[in-house]
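Enquirer:
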Amino acid sequence: MNIRELVRKAAQEKYPNNKYVKDRVESELGYFDKNDWFKQIEILLKIKEIYKGQNVYIFPIGLLSLYLLELEYINPMPAHYYEPNKKTIIFDNSASYGVDLPKKDGFHRDGFDITGEYILNLKSNNAFRLYLYEKHSDVVKDLIGNIYPFKSRIISWNAEEISYGSTIITFKDSFADNFLGRDLIKQIDVDDFLLSLNPKKQDLKDIMRFFLDDNIEVLDEIKSFGEMVELSAILRLTRKAYVEVKKTLNPKFPRTREDIFLYLKNNGYSSEESAKLANDISFGKNTDLNIKDNMIKKYLQSFSYITPKAFVLHLYLRDYFIALN
76 MNIRELVRKA AQEKYPNNKY VKDRVESELG YFDKNDWFKQ IEILLKIKEI
126 YKGQNVYIFP IGLLSLYLLE LEYINPMPAH YYEPNKKTII FDNSASYGVD
176 LPKKDGFHRD GFDITGEYIL NLKSNNAFRL YLYEKHSDVV KDLIGNIYPF
226 KSRIISWNAE EISYGSTIIT FKDSFADNFL GRDLIKQIDV DDFLLSLNPK
276 KQDLKDIMRF FLDDNIEVLD EIKSFGEMVE LSAILRLTRK AYVEVKKTLN
326 PKFPRTREDI FLYLKNNGYS SEESAKLAND ISFGKNTDLN IKDNMIKKYL
376 QSFSYITPKA FVLHLYLRDY FIALN
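Anchor point for the sequence shown: position 33 equals 108 in my numbering, and the numbering is continuous, going up by one each time.
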């Protein structure tokens, strides 16, 4: 199985002769080659064959090549219109997310704007995470064992976990339900999204009350998918020191690892330095940042954990789909 050619073929079929897609895919394929990911991706595709007729997705990390192979369900490209007959893309930077673009006859709205640069410039070996049903443990282990040596252990919730290379697979039915058997690639409509959110607003208020210090009226002002994602990112920040809520709500302050990466890159750091520092900051490591804005410097040193953007998107998209089903 030639993963490189599978990705290129999928890119050409869906987005023919698009320079942005070609350049991004080639960068990712180079990263796969350097980190010995091709064999691991081949195994993931073989696992998908076991689940014919069902969706099988890894925990999203925001790479276009994996989306084209249908191993991720979040399209990481910037917001755009897609014309399915002519297979043309029209990027539109008036919104961060395609779902927030105005509707246009004959076009789908897509793109969740996850930069691939953060992942591609990390020195650490990122992991593929996959959740499968317990009944398929033996057949999956047999498949992997014939290709790649793996380790097995029992983790929390009495779940079996196996690992090989940089891939981790957990066999737990309740986890697998969020990744299998659902039509996660349906078109998302922002009007439907806001309607599905309304019955859950009181629950969201209860959850966010502690973090927002009771300043929860902001939930009533949500008018877009993007605003909900921003609040989601805020909710998942883990603080090690007090941070004034108004600062967190201010869009100038980074909220995800990718946000931090882009901020540092735009303020004098190289791509590799930005990725390493963003990763260190996201795990609460003390860093000596050479940036002029002391407010942002202090802010970035106030957290013990900051999530990747793909993780934030996944959780809210998952809740969205569950709400509609």
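Built from N, CA and C at the ideal position, the CB exists for glycine as well.
Between the beta-carbon of I335 and the beta-carbon of S307, is there less than 8 Å?
Expert: Contact: no.
Enquirer: Only counting the same chain, and skipping five residues up and downstream in sequence, which positions put a Cβ closer than 7 Å to that of V387?
Expert: Same-chain partners within the cutoff: V304, S307, A308, R311 and T331.
Enquirer: What residue range is occupied by the uninterrupted alpha helix (DSSP H) comprising Y193?
Expert: Counting along the chain, the alpha helix (DSSP H) containing Y193 begins and ends at E192 to L195.
Enquirer: Roughly how many whole angstroms lie between the Cα atoms of F134 and S349?
Expert: C-alpha separation (whole angstroms): 23 Å.
Enquirer: Go ahead and label W112 buried or exposed: buried means 16 or more other beta carbons lie within 10 angstroms of its beta carbon, across all protein chains shown.
Expert: Classification for W112: buried.
Enquirer: Thinking C-alpha only, which one of H211, I244 and E124 is nearest A202?
Expert: The candidate whose alpha carbon is nearest that of A202 is I244.
Enquirer: Work out the CA separation of K384 and Y344 for me, nearest whole Å.
Expert: Using only the alpha carbons, I get a separation of about 20 Å.
Enquirer: Between which two residues does the alpha helix (DSSP H) holding F300 run?
Expert: Taken as a continuous stretch (DSSP letters only), the alpha helix (DSSP H) holding F300 covers F300 to L310.
Enquirer: Could you name the residues that DSSP lists as bridge partners for Y344?
Expert: Note: Y344 sits in no beta bridge, so no partner.
Enquirer: In the DSSP output, what is F246 paired with across the bridge?
Expert: Partner(s): L207 and E235.
Enquirer: Quick one: grab the DSSP three-state call for K94.
Expert: Here K94 sits in helix by DSSP.
Enquirer: Grouping DSSP H, G and I as helix and E and B as strand, with all else coil, what is R228?
Expert: Correct three-state label for R228: strand.
Enquirer: For D252, which three-state DSSP category applies?
Expert: Coil, per DSSP.
Enquirer: Buried or exposed for Q129, going by 16 or more other Cβ atoms inside 10 Å?
Expert: Exposed, because fewer than 16 other Cβ atoms sit within 10 Å of the Cβ of Q129.
Enquirer: Excluding the 5 residues preceding and the 5 following S346 in the sequence, name in chain order all residues of the same chain whose CB lies nearer than 7 Å to its CB.
Expert: Result list for S346: E192, N196 and K340, in chain order.
Enquirer: Thinking C-alpha only, which one of D175, S140 and G181 is nearest N160?
Expert: N160 has its Cα closest to that of G181, out of D175, S140 and G181.
Enquirer: So, Y206 versus A170, is the Cβ gap smaller than 8 Å?
Expert: Not closer than 8 Å, so no.
Enquirer: Excluding five sequence neighbours on each side, which residues of the same chain lie with their C-beta closer than 6 Å to the C-beta of Y208?
Expert: Correct list, in chain order: D248 and A251.
Enquirer: Check whether the stretch 218-238 and the stretch 149-163 are in contact - that is, three or more C-beta pairs closer than 8 Å.
Expert: No, they do not touch.
Enquirer: Using the Cβ count rule (16 or more neighbours within 10 Å means buried), how would you classify P177?
Expert: Exposed: under 16 other Cβ atoms inside 10 Å.
Enquirer: Which same chain residues, not among the five before or five after A165, have their C-beta less than 7 Å away from its C-beta?
Expert: Looking at the sequence shown, residue 165 is not Ala but Ile. Around I165: H155 and Y156.
Enquirer: What residues are listed by DSSP as bridge partners for T27?
Expert: Since the first and last residues shown for the chain are 76 and 400, residue 27 lies out of range.
Enquirer: Please go through the same chain and pick out, in chain order, the residues whose beta-carbon is closer than 6 Å to the beta-carbon of P153, but skip the five residues on each side of it.
Expert: Only F166, G186 and D188 meet the Cβ criterion.
Enquirer: Taking the DSSP output, what are the residues bridged to F378?
Expert: R314, per the DSSP bridge assignment.
Enquirer: Under a Cβ-count criterion, where at least 16 other Cβ atoms within 10 Å of its own Cβ denotes burial, should E88 be classed as buried or exposed?
Expert: Per the 10 Å Cβ criterion, exposed.
Enquirer: In this structure, does DSSP put I371 in helix, strand or coil?
Expert: Three-state DSSP puts I371 in a helix.
Enquirer: For the beta strand (DSSP E) that contains I122, what are its first and last residues?
Expert: Taken as a continuous stretch (DSSP letters only), I122 belongs to no beta strand (DSSP E), being part of the alpha helix (DSSP H) at F113 to I125.
Enquirer: Quick one: what's F166 bridged to in DSSP?
Expert: F166 pairs with H155.
Enquirer: Quick check on K94: buried or exposed, where buried means 16 or more other Cβ atoms within 10 Å of its Cβ?
Expert: Under this definition K94 is an exposed residue.
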